[in-house]
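As they're listed, the protein sequences go chains A and B. Numbered per this note's numbering, the first sequence spans residues 1 to 488. Numbered per this note's numbering, the second sequence spans residues 1001 to 1147.
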Amino acid sequence: MNPKLIVLFIAPTLLGWLFLKQCLSQSNLPLKKLFSLVFAPVMGLAVISLAVFIITAAVPEQARLLAVLTPWVLSIVFLSLLVSKHQQTDLKTNPQKSLFSLLVVSGPLTLGQITRIAVNGLLVIALILTFVNFTHHLMSYMTWNAFGGWDARYFWHLKARMYVRDPEQWRLLFSEYFRWGNNDYPLMVPGIIAWGWHFLGREALIWPAIVSYLFTYSLGALIIWHLSLWRSWSSAAVAGIFFFTLPVYLFWGGTMYCDIPYAFFSNGSLLLLLSALRLNDRRLLTLSAFFAGCSAFTKNEGLLFIIWYLIITVPVLLHEHRHSRADLLRSFTAVIQGLFIPACLCLYFKIALTGGQNNLVSKRNPADILQALTDWPRNRVILEGFRVYMADAGNWNGLWLLLGAAALYWPLSKKQAPLPYSWILLLAVLLINLGYALIFTITPHNIYKHITTALLRLLLQTGVLALVFIVETFGFSKKSEPTLSAHS
Amino acid sequence: MFKKHRDHVDFIVRLVLHLGLLFLALSVIKPIKVKTPEPLIQSLWSTKDRAYLPPGSQFKIFKPYLPAKGRVSLILDQPNNATTKNKETSYDAQNYLAPVIINLETVEPLTLVYCSTQDIAEQRLKETGYRWTQQLSPGKGFARKTL
């Protein structure tokens, strides 16, 4: 094994850990050290990609050297910020449980507690085995398919090659000659791949595979983290086991497309938003907005996602802080802070580099749009497409059917084990897919080709939100987990 | 009484969902059967990729003669957009030869010719208005725009 690969893993993990530690320093998120550790690699990679983009745009002639130094320099910056903050803050104001406190049980155990520990232990073992199985299949698939699928080879990796092979004229990537390569697609994943290739000094095939693996694993980790926080370990483990057996994530993770990184950022943004609202934590709100911004720098769909994100967030914040204008202002500032850097980079990318090109929503005049919206046979095809792809058990294993059941059961669940704002998940799934349905409606392209090439991947982007909603609705709360004493 | 009954029903519904998810997961989990060949794994982890042939590597013959940057066209047996296979070959060429830009339209002063036979190459040059400047092998080489 090339020892540089170890450094390639350590550098973004260190940076991501310091970045999250800095972001969450004033947050009251439980077990934030565990959160920072689990998501450190991908967060580090995201920060590196944003930095590589700025460097290549600003000083292309020095891009190689600066890109390699980026994670170390940024790590030093975040470390100094943390040290200076550590000296100023009284740590007692923000007590945190130690990671080891999870393993410590005080006092004698009751029969119920013993059962709960046994059930959770078995589920955690099953989760680990499923995860190992998933990892093996994903790695095996990527070994056979080392160049990735069509989009990976011709869009994402090509962009990374242009970054790496000639940073001084990488802007050619946005010229008309690359129109076929969807050159208005943003650069989060190409930037990550380019950084790794710069560091290794070669375009190693394993690096895009590792990146894809890290994002796929992190998407599963998001589910487990969120549900263990808001439901229970047993529900989180069951949801994790279900996720790590879903064929759709295994397949698209292996193709190295950007849909999984995009799903990580957009779904992560909404899950962090839920935690921010439930804990009334502005630090989490900033991080949630940063995730939303990163989603727009990963795929064009992210621009649409930011609109949905604001449509959901703004009214909720207005309602939440209706009695305090100062709190409302602080919350909006937190959202703007999080969005600021990735959104500015997106705007620069869209306006200055791609000249306002837009391959997401086709430019059509109002008359054409009206005609398309009332083209019922075509709309029926789109609805039928959604029905067929959602019902495909080979990919989804009944996930969308369960979402329907959860939506019906949700009003009752709300009374039994209430979790505020869980409706946001259902609303987001509906809005995001409604947006895609509208794009399908107005696109001038062949609808059958469009649906067969894109719809499954678009559904994949909301699958995790659907699964979290299902388990939030049907899950056991920490108090109601099954024990022999409580329900025998 | 009613509340207790509702609690039990709710508990059972939740338990059924958990068992259902586990059952569904078990029903699709694939046992580890396929063993990935060791040379492929070693090749990847060494980062040297010797076990893999990069797509577009057939265009290696052009590399020594190409400038570091600039634009060229590409002539294949059929127009570049004629079939998915042709598109794939053109895109592979772009991936392999980047940062030199492959213009998919045959309009650049210089073009790469990559045809399967000399006869097809001559025919395609005539159709697109180019003539040979350097032949590297039968049907393959560089040509310049004449029109």
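Virtual Cβ for every residue (Gly too), placed ideally from N, Cα, C.
For the stretch 1031-1048 of chain B, the set of residues with a beta-carbon nearer than 7 Å to any beta-carbon of chain A comprises I1032, V1034, T1036, L1040, I1041, L1044, W1045, S1046 and T1047, in chain order. Between A/L271 and B/T1128, the alpha-carbon positions lie close to 56 Å from each other. Residues M188 and C294 of the same chain have their beta carbon placed closer than 7 Å to that of A/A46, with the five preceding and five following residues left out of the count. Your pair A/F78 and A/F131 does not check out as a contact, with CB atoms roughly 29 Å apart and the cut at 8 Å. Look at B/A1093: its C-beta is not under 8 Å from any C-beta on chain A. Note: A/R457 is not bridge-paired with any residue in the DSSP secondary-structure output.
Annotated three-state conformation of B/S1137 is strand, per DSSP.
With a contact defined as Cβ atoms closer than 8 Å, A/A334 and A/R282 qualify at about 4 Å.
Its Cα nearest to that of B/G1139, the residue B/V1113 stands out among B/V1113, B/K1126 and B/P1067.
Residues of the stretch 177-188 of chain A whose Cβ lies closer than 8 Å to any Cβ of chain B, in chain order: Y177, F178, W180 and G181. Burial state of A/S27 is buried, judged by a 10 Å Cβ sphere holding 16 or more other Cβ atoms. The beta carbon of A/H86 does not come within 8 Å of any beta carbon belonging to chain B, so the residue lies off that interface. If you check the CB distance, A/A406 and A/T462 do not come in under 8 Å. Annotated as distal: A/T216 and A/Y262, with beta-carbon spacing of 8 Å or more. For B/L1104, the chain A residues whose C-beta falls within less than 7 Å of its own C-beta are W180, listed in chain order. Annotation: A/G475 to A/I193 spans about 38 Å, alpha carbon to alpha carbon.
Taking the Cα positions, A/N120 is about 45 Å away from B/R1050. The beta carbons of A/N300 and A/D375 sit no closer together than 8 Å.
Rounded to whole angstroms, the separation of the alpha carbons of A/G16 and A/L74 is 10 Å. Taking a cut-off of 8 Å for Cβ pairs, the stretch 429-440 of chain A and the stretch 191-211 of chain A do not touch, as fewer than three such pairs fall below it. Scanning its chain for C-beta atoms nearer than 8 Å, with the 5 sequence neighbours on each side dropped, one finds around B/K1060 the residues Y1096, in chain order. In the three-state reduction of the DSSP assignment, B/R1006 falls in the helix class. For B/R1071, the uninterrupted beta strand (DSSP E) run begins and ends at R1071 to I1075, by DSSP. Three or more beta-carbon pairs drawn from the stretch 1102-1122 of chain B and the stretch 1075-1085 of chain B are found closer than 8 Å, and the two stretches are therefore classed as touching. For A/H321, the CB contacts under 7 Å within the same chain, skipping 5 residues up- and downstream, are D327, L328 and S331 in chain order.
For the stretch 143-160 of chain A, the set of residues with a beta-carbon nearer than 9 Å to any beta-carbon of chain B comprises T143, W144, A146, F147, W150, R153, Y154, H157 and L158, in chain order.
Shown here, B/R1131 sits in a strand according to DSSP, grouped into three states. Contact annotation for B/V1028 against chain A: T245, P247 and N397 [CB-CB distance below 7 Å, chain order].
A/V42 sits buried, since 16 or more C-beta atoms from the chains shown fall within 10 Å of its C-beta. Beta-bridge pairing by DSSP links B/R1144 to B/L1110 and B/R1131. Burial state of B/C1115 is buried, judged by a 10 Å Cβ sphere holding 16 or more other Cβ atoms. Secondary structure at B/I1032: coil, using DSSP grouped into helix, strand and coil. Straight-line spacing of the CA atoms in A/F340 and A/F290 works out to 8 Å. In chain order, L158, R161, M162 and R165 make up the part of chain A whose C-beta sits under 7 Å from the C-beta of B/A1098.
Beta-bridge analysis with DSSP links B/I1101 to B/R1071. A/M1 sits in coil when the DSSP states are folded into three classes, being neither helix nor strand.
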